[in-house]
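What follows is one structure encoded as structure tokens, with my remarks underneath.
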Amino acid sequence: MKGVCGRPKRKPKTDRGSIYLTREVFSFERCEDGNLRLFIGTKTNNIGYLSFKAHGKFESPNSLYVRKERGQYYVSFCYEDGNSEEELPSNAEHLEFLQGSTKKYLEEHTIGVDRGVAIPVHAGSITFDFCENQKSNMTKADRYIKRLQRKLSRQKKGSSRRNKTKHRIATHHAKKANIRNDFAHKTSRSLIESKAKVIVFEALRTSSMTRKPKAKQDEQGRYVSNKAKQKAGLNKSILNVGWHIIEIYTKYKAYQAGKAVFKIPAPHTSQECAECDHTHPDNRKSQELFVCGNCGNTDNADNNASKVIKKRAINLILDTGTVLSGDGVLITQADSGRGGNRKTSRVKSSTSGVQRSVKKERLVA
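Structure, rendered in structure tokens:
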């Protein structure tokens, strides 16, 4: 098995785990009380059933997964709904069509989406934020989680009380995740139902942005403050908003609606002026205020960033040399890597060989 797979890993006792079932060993039946039940097993080897709540109409799948989380069972599966996706255009086809349109058309049907911490989503003149009830519930969940984590540290490992405490902590984490999920679905649906046909995000790397800072040392080798506590607070705020899941939900909803979702390179979108393109760190006076040092343009910082995102996307779309990267980012062919400049690189390599030979002759002389 060398080179095929790694060493087997021992599953921990606390592993959530899941089982994969094929059509031969499960069936759905509706009982007299109207509830659905998932029967697992065969006629000769009947294991039991799970009562579950279906969130919508579905066809019988060929296979499914059953997993256990927080002491509860969850069923997930995929099925064919009969709708063909072959006629839906891809992002590459959208780009090819939009490159033949006018700048006026793109300005009317393009929207730039800026994601932040204080204001989670700013799309043009529209802002999306958690309601007061959601913010209050997330704050309460954080408070309960801290309290239960202190309690968990004092309990004996493997005890039933410790397991109950872990389930309670997981329940509060799930509550926060459900709030983020609800916000992401509603925000993405509002973006799709707007008049915009092209939705543009920044290409943000959330995993890199939320890493802990590296340790710092002075000249004598002593460790100094690296502001890890402040960075941890920023990381928590970024992850609480759910930037990535908003982008993912918008993508699949846009694909079903026949709309395009692109991304642009993120550097300096918060420092660039949407009116004169002047870019400088001093333009961002505070978290909310943007004042251009060149033309004096004053605006909300997030609103200005959304305009910059839209402006960059339009310029890239109208550029005939723009291509889509594997991640859906609009880039020019010059920035697309070795593939775009393959012939040029070969010419350079031949001339560099001549230069090396000339250098060798000089050294010999």
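For the sequence shown, the residue numbers in our numbering are 266 to 630.
Cβ atoms here follow ideal geometry from the backbone N, Cα and C, with glycine treated the same way.
Asked                                                                                                                                                                : Found
Ordered along the chain, which non-local residues of its own chain (more than five positions away) have a Cβ less than 7 angstroms from that of Tyr285?              : Ser328 and Tyr330
Touch check for the stretch 471-487 and the stretch 534-550: three-plus C-beta pairs under 8 angstroms?                                                              : no
Closest by CA to Tyr344, which one among Ala519, Lys322, Leu301 and Gly561?                                                                                          : Lys322
If the criterion is Cβ atoms closer than 8 angstroms, does the pair Ala480 and His359 meet it?                                                                       : no
From Leu413 to Glu334, what distance separates their C-alpha atoms?                                                                                                  : 18 angstroms
For Ile391, which beta-bridge partners are listed by DSSP?                                                                                                           : Ala388
Going by other Cβ atoms of all chains shown within 10 Å of its Cβ, with 16 needed for buried, is Thr587 buried or exposed?                                           : buried
How long is the line joining the alpha carbons of Pro478 and Gly381, rounded to whole angstroms?                                                                     : 20 angstroms
Sort Pro530, Gly336, Val340 and Glu397 by Cα distance to Thr597 and report the nearest one.                                                                          : Pro530
Compute the distance between the beta-carbons of Ile574 and Glu467, then report whether it is under 8 angstroms.                                                     : yes
How is the beta strand (DSSP E) around Thr563 delimited, first residue to last?                                                                                      : Thr563 to Asn565
What would DSSP say about Lys481, mapped onto helix, strand or coil?                                                                                                 : strand
In the DSSP assignment, find the beta strand (DSSP E) that holds Asp379 and state where it starts and stops.                                                         : Thr375 to Arg380
Could you name the residues that DSSP lists as bridge partners for Gly313?                                                                                           : Ile305
Tell me which same chain residues have a C-beta within less than 8 angstroms of the C-beta of Leu583, skipping the five on either side of it?                        : Gln364, Lys368 and Leu371
I'd like to know if the stretch 416-431 and the stretch 396-408 are in contact, where contact means that at least 3 CB-CB pairs between them fall below 8 angstroms. : no
What I want to know is whether the C-beta of Thr475 ends up closer than 7 angstroms to one or more non-hydrogen atoms of the ligand HEM.                             : You won't find the ligand HEM in this model; it holds no ligand whatsoever.
How big is the Cα-Cα spacing for Arg603 and Glu540?                                                                                                                  : Its pLDDT being 48, under 50, Arg603 is placed unreliably in this model, and the coordinates cannot settle the point.
Any idea what DSSP makes of Arg549, helix, strand or coil?                                                                                                           : strand
If you follow the alpha helix (DSSP H) that Lys496 is part of, which residue opens it and which one closes it?                                                       : Ala493 to Val506
Please report the straight-line C-alpha distance between Lys492 and Pro277, rounded to a whole angstrom.                                                             : 35 angstroms
Considering Tyr409, what are the terminal residues of the alpha helix (DSSP H) in which it resides?                                                                  : Glu397 to Ser418
Is it buried or exposed for Arg272, if we count other Cβ within 10 angstroms and need 16 for buried?                                                                 : exposed
Assign Thr534 to buried or exposed, taking buried as 16 or more other Cβ atoms, counted over all protein chains shown, within 10 Å of its Cβ.                        : buried
Any chance the stretch 502-515 sits against the stretch 455-469, with 3 or more Cβ pairs inside 8 angstroms?                                                         : yes
In the DSSP assignment, find the unbroken beta strand (DSSP E) run with Lys429 in it and report its ends.                                                            : Segment Ser425 to Glu458 is the alpha helix (DSSP H) holding Lys429; no beta strand (DSSP E) there.
To the nearest angstrom, report how far apart Thr430 and Tyr339 are at their CA atoms.                                                                               : 21 angstroms
Using the beta-carbon count (16 or more within 10 Å), is Ile513 buried or exposed?                                                                                   : exposed
So what does Ser472 bridge to, in DSSP terms?                                                                                                                        : Answer is none; Ser472 lacks a bridge partner.
For Gly389 and Arg427, I'd like the C-alpha separation in whole angstroms.                                                                                           : 49 angstroms
Helix, strand or coil for Lys274? Go by DSSP, reduced to three states.                                                                                               : coil
Please report the residue range of the alpha helix (DSSP H) in which Leu360 lies.                                                                                    : Asn356 to Leu363
Can you check which of these residues, Glu553, Glu324, Ala442 and Lys462, is closest to Thr515 by C-alpha distance?                                                  : Lys462
From Arg332 to Ser341, what distance separates their C-alpha atoms?                                                                                                  : 8 angstroms
With Met403 and Asn311 assumed to form a contact (beta carbons below 8 angstroms), what rounded beta-carbon distance in angstroms separates them?                    : Between Asn311 and Met403 the Cβ distance is about 43 angstroms, and since that is not below 8 angstroms, they are no contact.
Tell me, which residues are paired with Thr287 by DSSP?                                                                                                              : Ser328
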